[in-house]
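Beneath this line is the structure, given in structure tokens, with notes to follow.
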Amino acid sequence: MATAATFNLTEIAPGIHFHQGRQVGLDSPERDDIANIGFIIGERCVAVIDTGGSIATGRKLRNALRSVTRKPVCYVVNTHVHYDHLLGNDAFASNDTQIVGHRRLPAAVANNRTFFLASFAKELDHHKQPAVIHEPDVTVEGTRILDLGNRKIRLDAHVTSHTDNDLTVFDLNTNTLWASDLLFTQRIPVLNGSINGWIEETRKLAVSRVDRIIPGHGAIPGDWHAAVRAQIRYLVSLRNEIRQIIRKGGFLEDALISTGHGEKQHWLLFDQNHKRNVSRAFAELEWE
Ligand SMILES: [Zn+2]
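According to the numbering used here, the sequence shown is numbered sequentially starting from 1190.
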């Protein structure tokens, strides 16, 4: 049963336990629990998928995991470099646990280390030394299968889309895709990688033959096709509006004011994030 004691975990398919992050912004005291995280249990061991935005959140996930199973955690999969998905890694640090990420994740963690330490000291238990930001032990280029014991999960490293280090997890037993931040539902998608790449990757999701998709933020959609279409609609309209402005000789300032009006009503935290998306996309599209 999903209770606070079990970190509101829900078993959304046999052996797949899911914790939904909160729909709050980065200025919230609860910002360390905004990502969807969880784990997949095989016959031999467990793979944790993302660890939350603080060591405390990672510990809550670990404790909840221990109330479900005594099997060892053989893998922690970090789906990408954003703080809300990996600052909890230290809660799972053990010689028996390998951290797995995209081949570009080590560089991304290295590039963000100073930023994490400065901006997330509280989330990182600043009294604890040495600093506890873990880089992956194993990296994935292309595809890699992990065997949890009579349960295989496939990791796919993606082209630059949400970030330049997005990794998804596909559970072969239940035909479930843990898309993490390749898919946002309810909460506005946040672009840090490439708008062209992300549209391409979301369109690939649209034609996949999976039974369910777990997004990185927002509820698991009852109709995942509709959720994927909504994200394509937002990203494509953002791209079209910006391209039009660029074609007319307009500037970023114009795009910040005049884009997104048709989308605002559809997304949580729109005002906090849309303009950053515009800046990012504009910088990419003005060189086309
Ligand atoms: Zn993210």
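Each residue gets a CB set at the ideal place from its N, CA and C atoms; glycine is no exception.
Remember, it's a predicted structure, so these values are computed and weren't measured experimentally.
| Asked | Found |
| --- | --- |
| CB residue 1237 to CB residue 1265, shorter than 7 Å? | yes |
| Kindly list the residues whose CB is nearer than 7 Å to the CB of residue 1435, restricted to its own chain and excluding five residues on each side of it in sequence; keep chain order. | 1474, 1475 |
| Taking the beta carbon of residue 1327 as the centre, do at least 16 other beta carbons fall within 10 Å, making it buried, or is it exposed? | exposed |
| Is the beta carbon of residue 1370 within less than 6 Å of some heavy atom of ligand 1? | yes |
| Regarding residue 1208 and ligand 1, is the C-beta to nearest heavy atom distance less than 6 Å? | no |
| Going by the CB atoms, is the gap between residue 1350 and residue 1386 shorter than 7 Å? | yes |
| Do you know whose CA, among 1429, 1285, 1396, lies nearest residue 1418's CA? | 1396 |
| For residue 1433, which of 1477, 1405, 1454 has the nearest alpha-carbon? | 1477 |
| For a minimum of 4 consecutive residues, which ranges assigned as the alpha helix (DSSP H) are wholly contained in the stretch 1208-1270? | 1244-1257 |
| Which residue wins for smallest C-alpha separation from residue 1244, given the options 1311, 1339, 1262, 1466? | 1311 |
| Would DSSP call residue 1292 helix, strand or coil? | coil |
| Under the criterion of a Cβ to heavy atom distance below 6 Å, does residue 1271 qualify as lining ligand 1? | yes |
| Say whether the stretch 1284-1291 touches the stretch 1215-1230, bearing in mind that this needs 3 or more beta-carbon pairs closer than 8 Å, one atom from each stretch. | no |
| Rounding to the nearest angstrom, what Cα-Cα distance links residue 1206 and residue 1392 in this structure? | 27 Å |
| Is the CB-CB distance between residue 1366 and residue 1402 below 7 Å? | yes |
| Helix, strand or coil, according to DSSP, for residue 1196 in the structure here? | coil |
| Relative to the C-alpha of residue 1307, which candidate in 1247, 1252, 1272, 1250 has its C-alpha closest? | 1272 |
| Spatial neighbours of residue 1232 within its chain, please: C-beta separation below 6 Å, excluding the five flanking residues on both sides. | 1338, 1339 |
| Give me the Cα-Cα distance between residue 1412 and residue 1399, rounded to the nearest whole angstrom. | 12 Å |
| In whole angstroms, what is the alpha-carbon distance linking residue 1222 and residue 1196? | 11 Å |
| Return the Cβ separation of residue 1304 and residue 1313 in integer angstroms, given the expectation that the two are a contact with Cβ distance under 8 Å. | Their Cβ separation, rounded to whole angstroms, is 12 Å, which puts residue 1304 and residue 1313 out of contact at 8 Å. |
| Would residue 1275 pass as a contact of residue 1246 if the rule is Cβ separation under 7 Å? | no |
| Report yes if the CB atom of residue 1357 is closer than 7 Å to the CB atom of residue 1368, and no otherwise. | yes |
| Taking the CB atoms as reference points, tell me whether residue 1526 and residue 1269 lie closer together than 7 Å. | The displayed coordinates of the chain run from 1190 to 1477. Any statement about residue 1526 would go beyond what the structure contains. |
| The beta strand (DSSP E) that contains residue 1476, what's its start and end? | Element bounds for residue 1476: n/a, residue is neither H nor E. |
| With distances taken between CB atoms, is the gap from residue 1354 to residue 1294 smaller than 7 Å? | yes |
| Which word fits residue 1300, buried or exposed, when buried means at least 16 other C-beta atoms lie within 10 angstroms of its C-beta? | exposed |
| When the Cα atoms are used, what is the spatial distance from residue 1331 to residue 1267? | 15 Å |
| Hey, could you find the ends of the alpha helix (DSSP H) residue 1344 is sitting in? | From DSSP, residue 1344 is part of no alpha helix (DSSP H) but of the beta strand (DSSP E) over 1341-1346. |
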